[in-house]
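Scroll down for the structure; my scribbles are underneath it.
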Amino acid sequence: MTSGVITRTLDTGIHLRVVPASEFGSAAADLVQTMLRRKPNAVIGFPTGSTPLPMYQDLLRRQRQGTLDLTQMRAVMLDDYLGATGDDPVSFHNWLKREFFDPAGVGSDRLLRMPTDPEGIEEACQQYEERLQRLGGVDLQLLGLGLNGHIGFNEPGAAVDSRTHVVPLTATTTVANAAYWDSSRKVPEEGVTMGVGTILGARAIGLLVNGARKADILRSTLLGPIGPDVPASFLRNVADVQVIADQEAAALLP
Ligand code: GLP
848 MTSGVITRTL DTGIHLRVVP ASEFGSAAAD LVQTMLRRKP NAVIGFPTGS
898 TPLPMYQDLL RRQRQGTLDL TQMRAVMLDD YLGATGDDPV SFHNWLKREF
948 FDPAGVGSDR LLRMPTDPEG IEEACQQYEE RLQRLGGVDL QLLGLGLNGH
998 IGFNEPGAAV DSRTHVVPLT ATTTVANAAY WDSSRKVPEE GVTMGVGTIL
1048 GARAIGLLVN GARKADILRS TLLGPIGPDV PASFLRNVAD VQVIADQEAA
1098 ALLP
C-alpha cells in the first residue's frame, strides 16, 4: 500500500479510501480501470466539475502508455444544464468531450448524451431512462459531491426514488458553478439530472471528494442522518459504494 493511504469499510458498508492529494486522480482512475478489466464494454457514468479533472488526466495518461483500453467502454452522462444545447460553453456534454471523450477517442456512438433542449424535455428525460435500460444499466457511476450534498444536480430535498428530471438549482450551486466559465454567460438556473433513484440503480458507485471545502459535507454524507437534506447520504443505502477522498476532504472524519 502507498504510504499515507488509508482504506476502511464504514459500518454502512461503504468503502472509504483516503489518499494524499497527489494520488487522488490515480485512485479515482483505478475504479474505472478495475471495472474495464472485468468488463471491457462496461457502461460508466461520468461527472463534470473540478473534482474529476485529475482522474480524466490520469485515464488519458494510462491510455497513452497503453495500459488502459477504452475502445469498448460505453459512457453515459450524469447531468447537464437545461438549455445548454449545441456548442453552448456551459454545456457539460461539451465539457466532457473536451476534457476526456475526444482525447480518449470515445465517439458519440458510445456516449449517451443527457437531453438539454427545453422543448419536450420531460419526454426526453423518460427516453434517457429507457436508453439506460437498453444499455443494460450502469455498471459504474462516478460522482462528485456538491457543497450542499448534491449528487448530479439532485439538490437538498431530492426524493430517493427520483428518475432523470429537470431541477431548479440552488444559489449555492449556481454560485459554485459560476467558476467553470467566464462571466459573460449567466449560470442557468435549471439543470437536468439522473435522479437519486437512477444513480442508486448503478451496480457500483464511486464518490470522488477532494479539498478542504468539502470536509464538512463529506462528514455529513458519511456520518450524519440519511435523508433528503443531504442527498449524497442516500448512497449509504446501497451495496457497492467506494468513496475516494483526499486527506483534506477527509480531515473531519474520525
Ligand atoms: C456540480 C455538478 C456535479 C458535480 C458537483 C461538484 O454542480 N452538477 O455533477 O459533481 O457539482 O462540483 P466540483 O467537483 O466542481 O466541486
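For the sequence shown, our numbering begins at 848 and goes up steadily by one. Each residue gets a CB set at the ideal place from its N, CA and C atoms; glycine is no exception. If you're wondering where the values come from, they're calculated on a predicted model, not measured in any experiment.
What does a CB cutoff of less than 7 Å around P962 pick up in its chain, not counting 5 residues either side in sequence?
If you number the sequence shown from 1, residue 962 lands on position 115. Within the same chain, P962 has close Cβ partners I968, A971, C972, Y975, V1039.
In this structure, what does DSSP give as the bridge partners for I853?
Within the sequence shown, numbered from 1, the residue matching residue 853 stands at position 6. DSSP output for I853 lists V865 as bridge partner(s).
Between which two residues does the alpha helix (DSSP H) holding T932 run?
The residue you call residue 932 lines up with position 85 of the sequence shown. Segment: none, T932 is in no alpha helix (DSSP H) and carries neither H nor E.
Name the one or two DSSP bridge partners that N1001 has.
Taking the sequence shown and counting its residues from 1, one reaches residue 1001 at position 154. For N1001, which the question treats as bridged, DSSP gives the partners I998.
Would you mind working out which of G954, A1092, D927 sits nearest Q901, comparing C-alpha positions?
Walking along the sequence shown from the start, residue 901 turns up at place 54. The amino acid at residue 901 is misidentified as Gln; the sequence shows Pro. Selected option, being the one with the closest Cα: A1092.
L1124: which of Q980, N1084, F893, L1082 sits nearest, CA to CA?
Within the shown structure, residues of the chain are numbered from 848 to 1101, placing residue 1124 beyond reach of any answer.
Under 6 Å: does the beta carbon of P894 sit that close to some heavy atom of the ligand GLP?
Taking the first residue of the sequence shown as 1, we reach residue 894 at position 47. Answer for P894: yes, Cβ within range of the ligand GLP.
What number of angstroms, rounded off, separates the C-alpha of A1018 from the C-alpha of G913?
By 1-based counting over the sequence shown, the position of residue 1018 is 171. By 1-based counting over the sequence shown, the position of residue 913 is 66. Distance between the alpha carbons of A1018 and G913 is about 43 Å.
Starting from I1052, trace the beta strand (DSSP E) in both directions and tell me its first and last residue.
Translated into positions along the sequence shown, residue 1052 becomes position 205. Residues 1051-1056.
Roughly how many whole angstroms lie between the Cα atoms of E870 and R1010?
On the sequence shown, residue 870 is found 23 positions in, with the first residue counted as 1. On the sequence shown, residue 1010 is found 163 positions in, with the first residue counted as 1. Spanning the two alpha carbons is a distance of roughly 33 Å.
With a CB to CB cut of under 8 Å and the five nearest residues on each side skipped, what residues in its chain are close to V1007?
In the sequence shown, the residue the question calls residue 1007 occupies position 160. Hits under 8 Å: V1043, G1044, L1047, P1075, F1081, N1084.
Can you round the beta-carbon distance between A951 and L917 to whole angstroms, since I take them to be within the 8 Å contact cut?
Numbered from its first residue, the sequence shown carries residue 951 at position 104. Numbered from its first residue, the sequence shown carries residue 917 at position 70. Rounded, the Cβ-Cβ distance is 5 Å, consistent with contact.
Does the region 918-937 touch the region 952-961, meaning 3 or more C-beta pairs lie closer than 8 Å?
The region 952-961, when compared against the region 918-937, does touch it at the 8 Å Cβ threshold.
Apart from the five residues on each side of it in sequence, which residues of its chain come closer than 7 Å, Cβ to Cβ, to Q910?
Indexing the sequence shown from 1 puts residue 910 at position 63. Taken in chain order, the residues that qualify are L917, A951.
Give me whichever residues DSSP pairs with L987 in a beta bridge.
Within the sequence shown, numbered from 1, the residue matching residue 987 stands at position 140. In the DSSP output, where bridge partners are listed per residue, L987 has I891, A1051.
Looking at the strands, I want to know which residues DSSP matches up with D1093.
Sequence index remark: in the sequence shown, residue 1093 carries index 246 (1-based). Bridge partners of D1093: V866.
Give me the DSSP bridge partner(s) of A922.
Your numbering for residue 922 matches position 75 in the sequence shown. Paired residues: I891, L958.
Within the same chain, show all residues whose beta-carbon is closer than 8 Å to that of T856, passing over the 5 residues directly before and after it, in chain order.
On the sequence shown, position 9 is the one that residue 856 refers to. If we look at T856 and ignore the five residues flanking it on each side, its Cβ neighbours are H862, L863.
According to the Cβ coordinates, are A1098 and L992 closer than 7 Å?
One-based indexing of the sequence shown puts residue 1098 at position 251. One-based indexing of the sequence shown puts residue 992 at position 145. It is not a contact, given that the beta carbons lie outside the stated cut-off.
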